[in-house]
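Listed in order, the protein sequences are those of chains A and B. Per the working numbering, residue 1 is the first one in the first sequence, and the count goes up by one each step. Per the working numbering, residue 1 is the first one in the second sequence, and the count goes up by one each step. Glycine included, each C-beta is placed from N, C-alpha and C at the ideal position. All values derive from a computational prediction rather than experimental measurement.
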Amino acid sequence: MKIRLENIVKRFRDNTAVDHFSAVIESGELVTLLGPSGCGKSTMLNMLSGILYPTEGKIYFDDDDVTFVSSEKRGIGLVFQNYALYPHMTVLENICFPLEIQKVPKAERIERAKKMAELVHVDTMLNRKPGQLSGGQQQRVAIARALVKQPRLLLLDEPLSNLDARLRIEMREEIRRIQLETGVTTIFVTHDQEEAMSISDHIILMKLGVLQQFDKPQYLYDQPANCFVADFLGNPPINKVEAKVENGKVILADGQDSGVRLEGHDGEKVWLSFRSESVLYKPESELRAKVILTSVMGKEKITSFDLAGKEVRGYFDSSLDFERGEEVGIGFKKTGVFVFNFESGERYL
Amino acid sequence: MASKSRDTETQINKEPISIGRIIMYIVLLLGAVVMIFPFYWMITGAFKTWTEVNLMPPTLFPENPFNIENFVYAFKTAPFAKYFLNSVLALLGCIVTCSFTTILAAFAFSRLRFPGREFIFSLLLSLMMVPYEMIIITNYRTIVTWKLHNTIWALILPFMSSIFYTYILKGFFDSVPDSLYQAAKVDGCSDWKYLWRVMVPMAKSSLATIILLNSIATWNSFLWPMIATNSKDVRTLPFGLYAFMTEGGQRNERMMAAATIVVLPMIIVFLFARKYIISGMSRGGIKG
Ligand SMILES: Nc1ncnc2c1ncn2[C@@H]1O[C@H](COP(=O)(O)OP(=O)(O)OP(=O)(O)O)[C@@H](O)[C@H]1O
Ligand SMILES: [Mg+2]
Chain A
1 MKIRLENIVK RFRDNTAVDH FSAVIESGEL VTLLGPSGCG KSTMLNMLSG ILYPTEGKIY
61 FDDDDVTFVS SEKRGIGLVF QNYALYPHMT VLENICFPLE IQKVPKAERI ERAKKMAELV
121 HVDTMLNRKP GQLSGGQQQR VAIARALVKQ PRLLLLDEPL SNLDARLRIE MREEIRRIQL
181 ETGVTTIFVT HDQEEAMSIS DHIILMKLGV LQQFDKPQYL YDQPANCFVA DFLGNPPINK
241 VEAKVENGKV ILADGQDSGV RLEGHDGEKV WLSFRSESVL YKPESELRAK VILTSVMGKE
301 KITSFDLAGK EVRGYFDSSL DFERGEEVGI GFKKTGVFVF NFESGERYL
Chain B
1 MASKSRDTET QINKEPISIG RIIMYIVLLL GAVVMIFPFY WMITGAFKTW TEVNLMPPTL
61 FPENPFNIEN FVYAFKTAPF AKYFLNSVLA LLGCIVTCSF TTILAAFAFS RLRFPGREFI
121 FSLLLSLMMV PYEMIIITNY RTIVTWKLHN TIWALILPFM SSIFYTYILK GFFDSVPDSL
181 YQAAKVDGCS DWKYLWRVMV PMAKSSLATI ILLNSIATWN SFLWPMIATN SKDVRTLPFG
241 LYAFMTEGGQ RNERMMAAAT IVVLPMIIVF LFARKYIISG MSRGGIKG
């Protein structure tokens, strides 16, 4: 099912949680809503599920306007951050519940629930109560319950946030597998960029209720729309130094020429941001940086420098040997280097 | 060091007879005896003969524990069977209706959004401060106006709802996370179905507490049945017992037998349900 969001605004009294949000989510895709805590992800999800209604704007499922349709009638599956399983029912009863509401005959109900339980690998614990399951198992039951009614749309609100690192990776792969197997349009909320990068077809990155960028994961990383997107994605985080544009040259705070060229913004204060993998070792370069620390990570070596008073990091071949305090010449690759407006974060390069 | 401190710890854990514990058990035991003895005295007294009851010093155990003469007498002279039936009818009537209204009201006040909700609820709570004796007068007038005076209905009608139990149950309902409700809504569940399929089963132990408290209160209620009824046909056990005592003269052993008939059902119910009472009390949000 295709979802169209048109200019969605949600205000709580004077606090705007979602601000003029527009997006089109194609049928069968897994789209991640990504953003820092409090940016309006859950609010957005709750409007999609009908738990909240938007203050302004329209929501379309395919061509139907569902903006003010109540949750019961939307035919969606929702997995809550805290799973929200019914504690007095067994796993099987929990999975059956949505079908029971739809008055599916009992035999069919149980058969479908069992199939779904198999899909998420909880078929060996059908008679247990949620309290007797681990967090990961509860989460899988919650997914089964959301999927069993064959929803047109599956919504997951930070479903992995309570799990340990290993189970998280396992579960996100499982979610992706189930999603591909069933082909259900899915919206997945997280504030973990790595999670978002690894399972999504597209990512929507939000900040303070405003959509920042809606793109394929790699594109978000390679071509950030603004400074916030560049800062948010990447591990280690992108390097960021203050700079000024003079005669088309990007000049660092200590007066060094970065070697980056930018037309048309003379006299403006900017951020020069670059990925660690975009730093090059250039002994003859005029741009000098002082080595602070190097640490070897297998084939590569990550080195931190003092560049114009800021600590920045770069990846180098581990055959290179730097002394602490040594001044080295560095340069930048063509990709992974960006210039942003200092205040607004608007991207210039 | 570490192993040493662990040793002393295990010693403490293993040692069954510490002074503090002994004192605690003695105090608890004394408390239990003080609580239980009147019941013991009543039940054993019911099996004694008139001479035995008046013996000095008294016997701790009846000479003939199969002496049911006093019960026979009680059932013969006063219609205790009828009283018993009336009590049971009033009890069932009260519990069924009161539980039903309590569940609905608690759900409405806890979950549904309607204008003036908080205000109405505080108004109801403040009604709890009106003294019982005053309510009785207005209730009596209502019952008489409706010509229900001297019927079983008179015993049920005023107790078909309860602010106090609603308050307790609302406390539990409030503690159920919103997300369960939202999950049920997303699953297509109506409020009505959600209430009966999710909330009520989850509130099992709170409900059990309410039903028990309500049963005890109804079973023991005296003042209202005395006022609202005056024929033997609709009397309940406590008032029947009172009448039996005033009519039957100072025969202690017979009174004991009658009292046993009145109290025993509640004791049995309590023994079976005490687990629920305690867990419901500690979980249902009643404090103090
Ligand atoms: N019911 C509400 N009343 C008032 N403000 C609210 C309400 N719900 C959310 N907000 C506000 O809206 C903003 C967005 O909240 P939301 O829960 O959508 O954030 P989120 O992106 O899901 O964050 P997190 O990652 O921490 O879950 C926050 O500033 C929050 O304080
Ligand atoms: Mg959230």
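In this structure, DSSP gives A:LYS115 a helical state, which the three-state scheme calls helix.
At least one C-beta of chain A is nearer than 8 Å to the C-beta of B:LYS193. Its chain contains TYR194 as the residues whose beta carbon lies nearer than 8 Å to that of B:LYS185, once the 5 sequence neighbours on both sides are disregarded; these appear in chain order.
Between A:ILE178 and A:ILE143, the CB-CB gap stays under 8 Å. The beta carbon of B:LEU124 is closer than 7 Å to those of ILE163 in its chain, skipping five residues each way along the sequence. In summary, the residues of the region 187-220 of chain B whose CB is separated from some CB of chain A by less than 9 Å are ASP187, GLY188, CYS189, SER190, LYS193, ARG197, VAL198, PRO201, MET202 and LYS204, in the order they occur in the chain. Ligand 1 approaches A:LYS41 closely enough that one of its heavy atoms is under 7 Å from the residue's Cβ.
Per DSSP, the unbroken beta strand (DSSP E) holding A:THR185 starts and ends at 185-190.
By the beta-carbon neighbour count (other beta carbons within 10 angstroms, threshold 16), B:ASP187 is buried.
The alpha-carbon of A:ARG324 is positioned some 10 Å away from that of A:PHE305. At a beta-carbon threshold of 7 Å, the residues of chain B lying near A:PHE97 are ASP187, ordered along the chain. For A:ASN226, the beta-bridge partners assigned by DSSP are A:GLU346. According to the DSSP assignment, A:PHE338 belongs to the beta strand (DSSP E) that extends over 337-341.
Interface with chain A (8 Å Cβ-Cβ cutoff): B:GLN250 is excluded. Per DSSP, the beta-bridge partners of A:VAL250 are A:VAL245. The C-alpha of A:GLU246 is placed about 29 Å away from the C-alpha of A:GLN212. In this structure, the beta-carbon distance from A:VAL9 to A:GLY40 does not fall below 8 Å. Not one heavy atom of ligand 2 is found less than 7 Å from the C-beta of A:ASP192. Of the other Cβ atoms in all chains shown, fewer than 16 fall within 10 Å of the Cβ of B:THR77; this residue is therefore exposed.
The three-state secondary structure of B:ILE68, taken from DSSP, is coil. In this structure, the CA atom of B:TRP50 is about 42 Å from the CA atom of B:PRO131. Nearest neighbour of B:GLN250 by Cα position, chosen from B:GLY20, B:ASN54 and B:VAL27, turns out to be B:ASN54. Separation of B:LEU148 and B:VAL88 (C-alpha to C-alpha, rounded to the nearest whole angstrom) is 19 Å. For A:THR16, the enclosing beta strand (DSSP E) begins and ends at 15-25.
Taking C-beta atoms as the reference points, A:VAL141 and A:LEU154 fail to come closer than 8 Å. In the three-state reduction of the DSSP assignment, A:SER295 falls in the strand class, which pools E and B.
Its Cα nearest to that of A:SER200, the residue A:GLU174 stands out among A:GLU311, A:PHE61 and A:GLU174. With the rule of 3 Cβ pairs closer than 8 Å, the region 63-83 of chain B does not count as touching the region 141-159 of chain B. Using a Cβ-Cβ cut-off of 8 Å, A:GLN102 is close to GLY188 of chain B, given in chain order. Annotation: Cβ neighbours of A:TYR86 in chain B (cutoff 7 Å, chain order): LEU180 and VAL198. B:ASN220 sits in a helix when the DSSP states are folded into three classes. Interface with chain A (8 Å Cβ-Cβ cutoff): B:PRO115 is excluded.
From the beta-carbon of A:LEU78, the residues of chain B found nearer than 8 Å are GLN182, ALA183 and VAL186. Of all C-beta pairs linking the region 330-349 of chain A to the region 221-230 of chain A, three or more are shorter than 8 Å, placing the two stretches in contact. A Cβ-Cβ distance of about 4 Å is found for the pair A:THR186 and A:LEU30, placing them in contact under the 8 Å criterion. Residue contact check for A:ASN82 against chain B: a CB pair falls below 8 Å.
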